[in-house]
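Numbering (UniProt numbering), first residue to last: 1 to 158.
The C-beta atom is built at its ideal place from N, Cα and C for all residues, glycine as well.
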Amino acid sequence: MIQKMTPSTKEIDFQTLSRSLLDIAWSFGPKGLDSACCKDLGIAEFLALDDISRTIDYPVHQVGSTLGFTKSGATRIVNRLVTKGYVSKRTSGHDGRVCCLDVTDRGREILSEAYANYETILRRIFAGLDSTKRDALRESLIQFSTLLMQEGSQEGNR
1 MIQKMTPSTK EIDFQTLSRS LLDIAWSFGP KGLDSACCKD LGIAEFLALD
51 DISRTIDYPV HQVGSTLGFT KSGATRIVNR LVTKGYVSKR TSGHDGRVCC
101 LDVTDRGREI LSEAYANYET ILRRIFAGLD STKRDALRES LIQFSTLLMQ
151 EGSQEGNR
């Protein structure tokens, strides 16, 4: 019996899909957008800075677990952010044994600039789509990101 190809059973070209995702990651990473994104930050530093900015009393050790780096790798990222003046270290008010990170005004400024650049690019791209496609793309990207993060957290638990 020949099965009719439907969208759910149609073969997916994973190589093209993978390349498209790499192109997106490159374009929205610190070296994309003609390096307009993140000044002197690498992608790991940018992601760490963004995560730190969203949390009060952000413990240093959380950088490694959030990004999936070793303790040594996380320490290097944090030290670079401190040296560049984007974060500062302090002792936790709850536990004197814990070192916490705070984003400095300079760090908030670079995040603000980066997201403003991203917004400009996304507005330009989305403007070329009709509202149905724009909404579908937005929802698809959010859903894909959510699934990807869930997959990543499950990988860490295996």
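Backbone CA spacing between residue i and residue j [nearest angstrom]
{"i": "LEU49", "j": "ILE77", "result": "9 angstroms"}
{"i": "LEU129", "j": "LEU141", "result": "15 angstroms"}
{"i": "SER112", "j": "ARG124", "result": "18 angstroms"}
{"i": "VAL103", "j": "TYR86", "result": "6 angstroms"}
{"i": "ILE12", "j": "GLN143", "result": "18 angstroms"}
{"i": "MET149", "j": "GLY96", "result": "32 angstroms"}
{"i": "THR75", "j": "ILE56", "result": "19 angstroms"}
{"i": "ALA127", "j": "THR146", "result": "24 angstroms"}
{"i": "ALA114", "j": "HIS94", "result": "32 angstroms"}
{"i": "ILE121", "j": "THR91", "result": "39 angstroms"}
{"i": "ASN79", "j": "LEU47", "result": "15 angstroms"}
{"i": "GLY29", "j": "THR70", "result": "22 angstroms"}
{"i": "ASP135", "j": "LEU22", "result": "22 angstroms"}
Per-residue DSSP class, three states only, for residue i
{"i": "PRO59", "result": "strand"}
{"i": "LYS39", "result": "coil"}
{"i": "VAL82", "result": "helix"}
{"i": "LEU101", "result": "strand"}
{"i": "ARG90", "result": "strand"}
{"i": "PHE69", "result": "coil"}
{"i": "GLY107", "result": "helix"}
{"i": "LEU129", "result": "coil"}
{"i": "ASP50", "result": "helix"}
{"i": "LEU137", "result": "helix"}
{"i": "ASP13", "result": "coil"}
{"i": "ASP95", "result": "coil"}
Residue from the options with nearest C-alpha to residue i
{"i": "LEU41", "options": "PHE126, ARG138, THR83", "result": "THR83"}
{"i": "LYS89", "options": "ARG80, ASP105, CYS99", "result": "CYS99"}
{"i": "LEU67", "options": "PHE28, ALA44, SER145", "result": "ALA44"}
{"i": "ASP51", "options": "ARG108, GLY152, ASN117", "result": "ARG108"}
{"i": "THR39", "options": "THR70, SER72, LEU81, LEU22", "result": "Inspection of the sequence shows that residue 39 is occupied by Lys rather than by Thr. Comparing Cα-Cα distances from LYS39 to each of THR70, SER72, LEU81, LEU22, the minimum goes to LEU81."}
{"i": "ILE110", "options": "LEU137, SER53, ASP23", "result": "SER53"}
{"i": "ASN117", "options": "SER27, LEU137, ARG134, LEU22", "result": "SER27"}
Are the region 49-62 and the region 11-29 in contact at 8 angstroms, needing three or more beta carbon pairs? no
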